[in-house]
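If you read the sequences in order, they're chains A and B. Take the first sequence: its letters are residues 1 to 262, numbered as in our numbering. Take the second sequence: its letters are residues 263 to 562, numbered as in our numbering. Every residue gets a Cβ at the ideal spot worked out from N, C-alpha and C, and that includes glycine. These numbers come from a predicted model, not from an experiment. I have placed the structure first, in the form of structure tokens, so that the comments after it can refer back to it.
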Amino acid sequence: MLKINNMSKAFLVNGNTSKPIFNEFNLSVNKGDFITIIGSNGAGKSTLLNIISGTVKQDLGEIYLNNREIGQLKEHMRMGEIGRVFQDPRAGTASSLTILENMALALNKGQKYGLKFNKTNKIEEKAVELLKILDMNLENRLNDSVELLSGGQRQAMTLLMSVAKMPRLLLLDEHTAALDPKISNSILKLTEKLIEKNNITALMVTHNLQDAIEMGNRLIMLHRGKVVLDIKDEEKKNMTKEKLLDRFKNADDMFSDVMVLS
Amino acid sequence: MEFWLATIIQGLVFAIMALGVFITYKILDFPDLSVEGTFPLGASITAALIVKGVNPIVSIIFAFIGGAIAGFCTGFLNIKMKISNLLAGILVMTGLYSINLRVMGKSNIHLFEYKTIFDGFLPPIALLLIIVILIKIGMDLLLKTQFGVSLKALGDNPQLVRSLGISEDKIKFYGLMLSNGLVCVSGAIYAQMQSFSDVGMGAGIIVAGLASIIFGISIFKKIKFMKFTTMAILGSLLYRLCIGVALKLGLPAGDLKLVTVIIISLALGLKINPKKFRLKKLSFNKKINLVSRREGEVNA
Chain A
1 MLKINNMSKA
11 FLVNGNTSKP
21 IFNEFNLSVN
31 KGDFITIIGS
41 NGAGKSTLLN
51 IISGTVKQDL
61 GEIYLNNREI
71 GQLKEHMRMG
81 EIGRVFQDPR
91 AGTASSLTIL
101 ENMALALNKG
111 QKYGLKFNKT
121 NKIEEKAVEL
131 LKILDMNLEN
141 RLNDSVELLS
151 GGQRQAMTLL
161 MSVAKMPRLL
171 LLDEHTAALD
181 PKISNSILKL
191 TEKLIEKNNI
201 TALMVTHNLQ
211 DAIEMGNRLI
221 MLHRGKVVLD
231 IKDEEKKNMT
241 KEKLLDRFKN
251 ADDMFSDVMV
261 LS
Chain B
263 MEFWLATIIQ
273 GLVFAIMALG
283 VFITYKILDF
293 PDLSVEGTFP
303 LGASITAALI
313 VKGVNPIVSI
323 IFAFIGGAIA
333 GFCTGFLNIK
343 MKISNLLAGI
353 LVMTGLYSIN
363 LRVMGKSNIH
373 LFEYKTIFDG
383 FLPPIALLLI
393 IVILIKIGMD
403 LLLKTQFGVS
413 LKALGDNPQL
423 VRSLGISEDK
433 IKFYGLMLSN
443 GLVCVSGAIY
453 AQMQSFSDVG
463 MGAGIIVAGL
473 ASIIFGISIF
483 KKIKFMKFTT
493 MAILGSLLYR
503 LCIGVALKLG
513 LPAGDLKLVT
523 VIIISLALGL
533 KINPKKFRLK
543 KLSFNKKINL
553 VSRREGEVNA
């Protein structure tokens, strides 16, 4: 499904020293996998998602999505098959557009955009159908500007928009980190529901150990650009936060404070 | 009376330009200075073609194409060569000065003895109203298409546009081409109206365009369901009327640009300031949110 082969990436710091993030990194994701990714600050979690989506280009190595090399494609050319939700709730929607216009943009994704009308009756029906899943009464506010929505509502909408066209791969980059705990919880539930219902392959970066253990079928821990832990299915089900912390007791920079405390 | 009629006619001609500037300044968030060159480009193209015996309407179509090419150049400098948007506009504007001279062959052309679109049976104001309304409706429709909505989304949130698999570059190119095309059409109609084209007639056009848009939006934004395009057109009319009043009051024409600049600065500084105040409040609230969230995390 998704395969990353021998990928290396270094960033230039202060213009001359190069700081390696990944060195010959490999990852293979199976179809239907829902992987949670944890790791300390600077472990490369967000960079990994940025490299997959093409926001940042890798220095070396290949990325295959469904046996197609996408590593050299521009961001917009590969995003047709990838959905993405960012940490910032404002990043996934266009604030000056209405709810319906935003949904229509997402529902028209992958089509050749042109001079066809953005919102047709068919699109509106589909948008209402999708918005009903959220149970936030957004389906009755179709012509409201997205600006008027709360962060949680916007993030829920972003999530909906990113799965509207059944992406092959969904990238979630700490998508609940900017929300308050209660809303964060309901967004996570929604995430699970949408992913399970549509059987989407997903990668979710999180800072919350508990969420990482409870959600998904596979857990990956990154440290300094390497996979230091990769557990699946049964093994993952038996994993607890204490066991996980215990296992890496000696490497104290592996967990950030936020992770331990959450 | 004739004076005010002429003022309104001017307002309508410049409204087309304001609609063009609106696409870049308001929708794309791209301060495009190349319009200072594309406005006289339109005048030059139409004048040069009419003198050669080309139909005046056809010459306006050529002006649109010329403007679109100029917009493409600005886009190329900014998008492909990564030159900042302001500088890209300045470069194209400067380059167009020479091109305009080349197009006309000299620094100005009179069209008094040639037929223009204003020599038909319609009175100029009716003709211009029809043109402006047609362009406005066309733009409103365009902004409802998939292209138009992506254009609006791009000015808002480029990351979203890329995430949706839409080429940011392409949309920006089209936006710039359309914008400069409209400005060029405005210049062409202006030249035909005055029966005169001069290579220096673009000076201060961007300020006039911005003034129209800022006027229109700050005065009419409270009115629900009024479209931005309508605001830009009304803003252009208002701006011309204000200038008319200033002239009637005996202000020397040479001072007008300075007055406009002062008015725009005040409008931008004071009128849009509520946003600034809101921003301050917002950042303050954010801090509180952050603090309480952190406390929440620790407690949990």
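Secondary-structure assignment with DSSP links A:Tyr-64 through a beta bridge to A:Lys-3 and A:Glu-69. The shortest C-alpha to C-alpha distance from A:Thr-206 to any of A:Met-161, A:Lys-232, A:Val-85 and A:Gln-153 is the one to A:Val-85. Ranked by Cα distance from B:Ser-459, the first of B:Thr-308, B:Ile-327 and B:Gly-333 is B:Thr-308. Under the three-state reduction of DSSP output, A:His-175 falls in the coil class, being neither helix nor strand. Distance from the Cα of A:His-76 is smallest, within the candidate group A:Leu-65, A:Ala-91 and A:Thr-55, for A:Thr-55.
Checking the DSSP bridge columns, you'll see A:Gly-83 partnered with A:Leu-170. Taking CB atoms only, A:Ser-40 has no neighbour in chain B less than 9 angstroms away. A:Thr-191 and B:Gly-337 have their C-alpha atoms roughly 39 angstroms apart. Between B:Glu-430 and chain A, the shortest Cβ-Cβ separation is below 9 angstroms. Note that the C-beta distance between B:Gly-449 and B:Gly-466 is not below 9 angstroms. Within a 10 Å sphere around the beta-carbon of A:Arg-68 sit fewer than 16 other beta-carbons, which makes this residue exposed. Of all residues in the region 141-166 of chain A, none has a C-beta nearer than 7 angstroms to a C-beta of chain B. The CB of A:Glu-101 comes closer than 7 angstroms to the CB of Val-411 in chain B, given here in chain order. According to the DSSP secondary-structure assignment, A:Gly-39 is paired through a beta bridge with A:Leu-222.
Contact between A:Thr-201 and A:Met-79 is absent: CB atoms are separated by about 15 angstroms, not below the 8 angstroms threshold. Taking 9 angstroms as the cut-off, the beta carbon of A:Thr-158 is found closer than this to the beta carbon of A:Pro-89. In the structure shown, B:Asn-317 falls within a coil segment according to DSSP collapsed to helix, strand and coil. When the alpha-carbon of A:Asn-6 is set against those of A:Ser-18, A:Asn-26, A:Pro-20 and A:Leu-12, the nearest one is in A:Asn-26. Proximity of the region 31-48 of chain A to the region 97-115 of chain A falls short of the contact definition, fewer than three beta-carbon pairs being nearer than 8 angstroms. Here B:Gly-400 is exposed. Its C-beta has fewer than 16 other C-beta atoms within 10 Å.
Residues of chain A whose Cβ lies closer than 9 angstroms to the Cβ of B:Thr-407 are, in chain order, Tyr-113, Gly-114, Leu-115, Lys-116, Phe-117 and Asn-118. As computed with DSSP, B:Asp-381 is found in no beta bridge at all.
At a cut-off of 9 angstroms between beta carbons, B:Lys-414 contacts chain A. Counting every other CB atom within 10 Å of its CB across the protein chains shown gives A:His-223 a total of 16 or more, marking it as buried.
Rounded to the nearest whole angstrom, the CA to CA distance from B:Val-507 to B:Val-320 is 35 angstroms. Only those residues of the region 76-89 of chain A whose C-beta falls short of 7 angstroms from the nearest C-beta of chain B are listed: His-76, Met-79, Gly-80 and Arg-84.
Here DSSP, grouped into helix, strand and coil, assigns A:Asn-14 to coil.
B:Leu-444: member of the alpha helix (DSSP H) spanning 430-456, first to last residue.
Contact of A:Gly-92 with chain B is assigned, a C-beta pair being separated by under 9 angstroms. The Cβ atoms of B:Ala-453 and B:Ala-305 lie closer than 9 angstroms to each other.
Only residues of its own chain outside the window of five on either side were considered, and among them Arg-502 have a CB closer than 7 angstroms to the CB of B:Gln-272, listed in chain order. Put simply, the CB of B:Asn-340 is far from chain A, with every gap to its CB atoms at 9 angstroms or more. Taking a beta-carbon distance threshold of 9 angstroms, B:Ser-425 counts as an interface residue toward chain A. Excluding sequence positions up to five before and after B:Ile-361, its CB lies less than 6 angstroms from no other CB in the same chain. In the DSSP assignment, no residue is bridged to A:Met-161. Take the alpha-carbon of A:Asn-50 and the one of A:Leu-203: they are about 12 angstroms apart.
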